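Right, one structure below, let's go through it.
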Amino acid sequence: MDWQRMLTLAAGELIAPQTAAFALAAIGLNVHFGFTGLLNMGHAGFMLLGAYGFAISTIAGAPFWLAFLVAIVAAILFALILGIPTLKLRGDYLAIVTISAAEIIRLLGRSTLFTDLTGASSGLRGNTYKATFQALSPLPDGTTAIGPFEYGNNLSNGWWVRIAAWALVLLAVLVVYLLVRSPWGRVLRGIREDEDAVRALGKSVYAYKMQALVLGGVLGALGGVVYVLPTSVQPDAMGRAMTFFVWTVLLLGGAATIFGPILGAMIFFVALSVVRTSMRELLPSDIFGPAQIEPLSGILIGVFLMLLVIFRPQGIMGDKKELTFHVR
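Going by the numbering used here, the residue at position 310 of the sequence shown is 360; the numbering climbs one at a time, nothing skipped.
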């Protein structure tokens, strides 16, 4: 087994755009679940809407910042449409509604009725919407090596997209940190613990939940934009499995923490890279091909998440006294 190659690939996941995208999405989910207690099981719907909003606007001729704004507005509208009739629901009922809403977005995206707009099941190719983002790069053309990492400066999966993605993650962390330390954030924590007590103090629990749903949804949409910048928009790639992975990232790092989602994303994708590479090297290729290794990796991740929730539900950085899984 080529350990050096395995470790280099695993280390590359620490700064990969995909890792940053899931960190952003997990920060948004943390606002929903960790700080407010909203059991959102359809976070991939926000990510897919953000990706579609950005890509479709760019293809239509919008400049980068306008397309970026469209992605944010799409997430806000989806949060309002989703939240107005459902935020009075609690626990499992809200989870069922959110996962259904995300599936509706995915199925609409892959529907042949919208082929000209969304590309249906084939999706939207990256080279149709990446140019405006790449044009913003201040880096010269060519390749740069920093330690074991060597990437093209302005390629789809190069340094520029990594720099922009992680800058966005740090900005999201700063915004969430300031908000949760404010009186607004303390009300959210109160709602998570006992919303009836917060209501008795004269606070509008419904309004605060809506604000949290919008903020977390916008962060999820930005995660979707980052996710598709190095690749393409594929509706089936941003379905239930993606929501499951975002939850894994959040619970691994620690819900109701500031840096937990980032740590969880890094550990998750490093571990996933090691598991996949090890299985390709160790398992006989005539029995376990790529089509078998991918679901087997998913099985191992599922088992890991079960053990995590059972033995350390607060995650690596979480505080068990603060976080409860008995969401009202």
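Glycine residues also receive a C-beta, built at the ideal position from the N, C-alpha and C atoms. None of the values given here were measured: they were computed from a predicted structure.
Based on DSSP bridge pairs, tell me the residues matched to residue 295. Bridge partners of residue 295: none, in fact.
Taking residue 361 as part of the alpha helix (DSSP H), name the residues at either end of that continuous run. 340–361
Please identify the residue among 116, 64, 291, 85 whose C-alpha is closest to the C-alpha of residue 179. 116
Closer than 8 Å is the cut-off here; do at least three beta carbon pairs connect the region 270–290 with the region 54–62? no
Might you give, ordered along the chain, the residues of its own chain that have their beta carbon closer than 8 Å to the beta carbon of residue 309, omitting 5 neighbours on each side? Sequence-distant Cβ neighbours of residue 309 in its own chain, meaning closer than 8 Å and more than five residues away, are 223, 303, 367.
Roughly how far, in whole angstroms, is the beta-carbon of residue 311 from the beta-carbon of residue 80, given that I think they are within contact range, below 8 Å? 5 Å
Between which two residues does the beta strand (DSSP E) harbouring residue 201 extend? 199–202
Per the DSSP calculation, residue 130 is bridged to which residue(s)? Per DSSP, residue 130 has no beta bridge partner at all.
According to DSSP, simplified to helix, strand and coil, what is residue 193? Reduced to three states, the DSSP call for residue 193 is strand.
Using a 10 Å radius around the Cβ and a threshold of 16 neighbouring Cβ atoms, would you call residue 67 buried or exposed? buried
N-terminal and C-terminal residue of the alpha helix (DSSP H) that residue 85 is part of: No alpha helix (DSSP H) holds residue 85; DSSP gives it neither H nor E.
Do residue 129 and residue 263 have their beta-carbon atoms positioned less than 8 Å apart in this structure? yes
For residue 174, list the residues DSSP reports as bridge partners. 283
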